[in-house]
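So the structure is just underneath, and the comments pick up after that.
Residue numbers (our numbering): 1 to 218.
What follows is the structure in structure tokens.
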């Protein structure tokens, strides 16, 4: 029996406006298992930038921890990103959500001048160094544009965001639902997901396409 491919999934909290986009996270996990893979979930053990009421869209006067919030999606089965070892995995995937741009980086506030959480950057660099695929959904390619040298990627069709990524050195390609852009140099596989108007079926299509393309490169 062929050994299952091992994926690491990196989360940024729980909820689209201040953490990981939950549909993208869950559909990623589903796509991995659907395609005969297995996964382990990680997140930074840091304070969230802020907490958003997902009904009103307003900031709440409280603090939350990215690892603890991510554990809601992981059903408690999660590890701090500091425990990640590239040699233990065949690939890594970053779902989207504003937490990527607020917690894993400060792209939401600093744009092309952003910085990336050191633990997150180490995950990406270690995987690339070992020639292992990296998947990035939705806004997560912004992190790749900062970390990698001139990667080819997509965030869909948002011209303002695409311009920022190109200012960071990335080569952006417009895409629709279920479409992926692959940078063969880095084995980087990206798809827009909720950077486009979408429903959960569109997200399922996009995550499945990313996982399949990653497995094709293993």
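Glycine residues also receive a C-beta, built at the ideal position from the N, C-alpha and C atoms.
Mind pulling the beta strand (DSSP E) runs of 3 or more residues that sit fully within the segment 3-69? 5-10, 37-43
Inspect the beta-carbon positions of residue 168 and residue 145 and report whether they are closer than 8 Å. yes
If you reduce the DSSP assignment to three classes, tell me which class residue 206 lands in. helix
Could you pull the DSSP bridge partners for residue 190 from this structure? 136, 181
Measuring only the C-alpha atoms, how far is residue 54 from residue 193? 19 Å
Quick one: Cα of residue 112 to Cα of residue 2, how far? 43 Å
Helix, strand or coil: how does DSSP classify residue 102 here? helix
Boundaries of the beta strand (DSSP E) in which residue 153 is found, first to last residue: 152-156
Among 212, 163, 138, whose alpha-carbon lies nearest the alpha-carbon of residue 196? 138
Leaving out the 5 sequence neighbours to the left and right, which residues in its chain are closer than 7 Å to residue 102 when beta-carbon positions are compared? 18, 49, 108
Give a yes or no on contact between the segment 112-122 and the segment 31-40, applying the rule of three or more CB pairs nearer than 8 Å. no
Using the C-alpha atoms, what's the distance from residue 29 back to residue 72? 14 Å
List the whole-angstrom C-beta distance separating residue 203 from residue 27, where the pair is believed to meet the contact cut-off of C-beta under 8 Å. 5 Å
DSSP has residue 80 in a bridge; who is on the other side? 43
Can you tell me where the beta strand (DSSP E) holding residue 75 begins and where it ends? No beta strand (DSSP E) holds residue 75; DSSP gives it neither H nor E.
Which listed residue (154, 90, 163) has its alpha carbon closest to that of residue 191: 154
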